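To convert, take the position in the sequence shown, counting from 1, and add 215; that gives the numbering used here. Cβ coordinates follow ideal geometry from the N, Cα and C atoms, glycine included. The structure presented is a predicted model; accordingly, all values stated were derived computationally and were not measured. The block underneath contains the structure these notes are about, expressed in structure tokens.
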Amino acid sequence: MRSYVEESQLFGKEDPEELAVRYGTPLYVYNEEIIRRHMKAVAGVITKYPYRANYSMKANSNLSILKMAREEGLNADAMSVGEIMLLLKAGFSSDRIFFVPNNVSEEELQFAIGHGIMTSLDSLDQLDLFGSINPGGKCSVRINPGIGAGHHEKVVTAGRKTKFGIEEHDIDAAFDIAKKYGLHITEINQHVGSQYLDPQPFLDAAENFLRIAEKFNELEYIDFGGGYGIPYHKLEDEAQFDMEDFSKRFTEVLDSYAEKHPNDLPLFKSEPGRYCVAEGGVILGRVHAVKQNYGIRYAGTDIGMNVLARPTLYDSWHDLEILRDGKAVTDGERENVYVTGNICESGDLLCKDRNLPVIHRGDLICVLDAGAYGFSMSSSYNSRPRAAEVLITKEGTAKLIRRRETYEAMFADLVDD
Ligand SMILES: *Cc1c(COP(=O)(O)O)cnc(C)c1O
């Protein structure tokens, strides 16, 4: 069996067993080189036209990672006031931040307006609210293309069944609202789905979006959204998203629009999140108990659904490696096992019935592809402090980038009189 952590040298010069002892488990470990490589790839997708990739920071909002995105020339998408604050803290100037919220209050919109941050409005109602507090301003409108993404059913249903954006036939109503407040809709954005390995649905949606763009007459930006996928089944040789091929085909889609708009070419944008960070992060956790219940083999770890929510939330697959004495166990006896966490929920499972090398108490479990939607979705459920995060720097050595949450911090807001 392959070992991704060894092939990619994810731990640099560090020994994962020593990291686990030094920082404790569960522990998020990121590799700077891998993350920067992915960020560079998305930044360079389009070179023929004005283009900018916005890192969708909800995938991973650690300050050190945000700083990397800034250094790699990415702009950033924020979904909340908290995310805007973090971006400002990471040194992003206001003009490099795009606020893409939904269902926010007047105060939250006011925060973005006050900082001069371009904002996307997700409904006619939010557009009206925005106009009423920022008449004469510029804004973006999020379009939900619904139908129109062609024959790719997944994208189409994703559009129709999600809460996001305004429908195409509401664009005239959006113009009416804009007119009422003197607003300038200088950007349109969409985000049609996530985790594509085949770019065709994205490209179809992009082509459709350029058709919709013709309805607007003062566009400075057209934002096609994110969603580039990563191979979660990499140990079974699942192929990477082919960025080179995508870059070529995406450019071709833009060509026809560019031909029609030689003098008013907007800045094209995309919003990758997962692709930037997923493969550059893993979770190290300790196996504390192995047992057999009614014929099922369980390996009990400290990586609960509080640490990584994706398997419980979406039934997501994450490849797992077993580390013993700091080395990946790639051969020897195997067995089918359910790997679980330490949370009191029966849904607290990292995987079901997975064929893995035989696991023993004291082993480390390494969860691959945990750099995106890992820590950022974690919680302190069961009153378990949130994990620490460590970065393997370009020098190959570990640097703590988030301390493990303390019990004091966890209890700090409780009011007890
Ligand atoms: C989450 C999100 C993204 C990023 O999606 P990925 O699948 O992580 O690339 C981009 N745009 C919007 C509006 C999002 O909500």
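The beta-carbon separation of K609 and E247, rounded to 5 Å, stays under the 8 Å limit for a contact.
Burial state of Y622 is exposed, judged by a 10 Å Cβ sphere holding fewer than 16 other Cβ atoms. In the three-state reduction of the DSSP assignment, A291 falls in the strand class. Contact check for N521 and N551: beta-carbon distance about 25 Å, past the 8 Å limit, so the pair fails to qualify.
When the alpha-carbon of E474 is set against those of E383, E382, E429, the nearest one is in E429.
In the displayed model, F431 falls within coil according to three-state DSSP, outside both helix and strand.
Membership of Q507 in the beta strand (DSSP E) is indicated by the continuous run 496-508.
For H330, the shortest C-beta to heavy atom distance toward ligand 1 is 8 Å or greater.
For M333, no alpha helix (DSSP H) encloses it; the enclosing beta strand (DSSP E) starts and ends at 333-336. For Y245, the pairing in a beta bridge is given by DSSP as G496, L606. For M294, the Cβ falls inside the 8 Å cut-off from some heavy atom of ligand 1. For G577, the shortest separation between its Cβ and any heavy atom of ligand 1 does not lie below 8 Å.
With a cut-off of 8 Å, the C-beta of R489 is classified as near ligand 1, since at least one heavy atom of the ligand falls inside that distance. Excluding five sequence positions before and after L480, the CB atoms of its chain that fall closer than 8 Å to its own CB belong to Y264, P265, A473, given in chain order.
Counting C-beta pairs closer than 8 Å gives three or more between the region 305-325 and the region 342-362, which meets the contact rule.
Not one heavy atom of ligand 1 is found less than 8 Å from the C-beta of G346. Counting along the chain, G515 sits inside the beta strand (DSSP E) bounded by residues 511-516. The beta carbon of I537 sits closer than 8 Å to the beta carbons of A543, V544, L571, P572, I574, D578, L579, I580, C581 from its chain, once the five residues preceding and following it are set aside; these are given in chain order. Residue pairing of K484 in beta bridges, as defined by DSSP: R267, D438. V220 counts as buried, since no fewer than 16 other beta carbons sit within 10 angstroms of its beta carbon.
Here D568 carries a strand assignment [DSSP, helix/strand/coil]. Of the other Cβ atoms in all chains shown, 16 or more fall within 10 Å of the Cβ of G495; this residue is therefore buried. The Cβ atoms of K506 and F439 lie no closer than 9 Å to each other.
For S279, the CB contacts under 6 Å within the same chain, skipping 5 residues up- and downstream, are L606, I616 in chain order. DSSP places K282 in no beta strand (DSSP E) but in the uninterrupted alpha helix (DSSP H) bounded by 278-286. Proximity of the region 321-334 to the region 447-460 falls short of the contact definition, fewer than three beta-carbon pairs being nearer than 8 Å.
Between ligand 1 and the CB of Q341, the shortest heavy atom gap is not smaller than 8 Å.
Nearest neighbour of G351 by Cα position, chosen from R375, V260, D584, K395, turns out to be K395. With a cut-off of 8 Å, the C-beta of H406 is classified as near ligand 1, since at least one heavy atom of the ligand falls inside that distance. By DSSP's assignment, S591 forms no beta bridge with any residue.
The DSSP-derived three-state label of S598 is helix. The region 506-518 makes no contact with the region 223-238; the number of CB pairs closer than 8 Å stays below 3.
Between ligand 1 and the CB of K273, the shortest heavy atom gap is smaller than 8 Å.
For E536, the beta-bridge partners assigned by DSSP are C581. Around the beta carbon of L523, 16 or more other beta carbons sit within 10 angstroms, so the residue counts as buried. The Cβ atoms of A305 and A274 lie no closer than 9 Å to each other.
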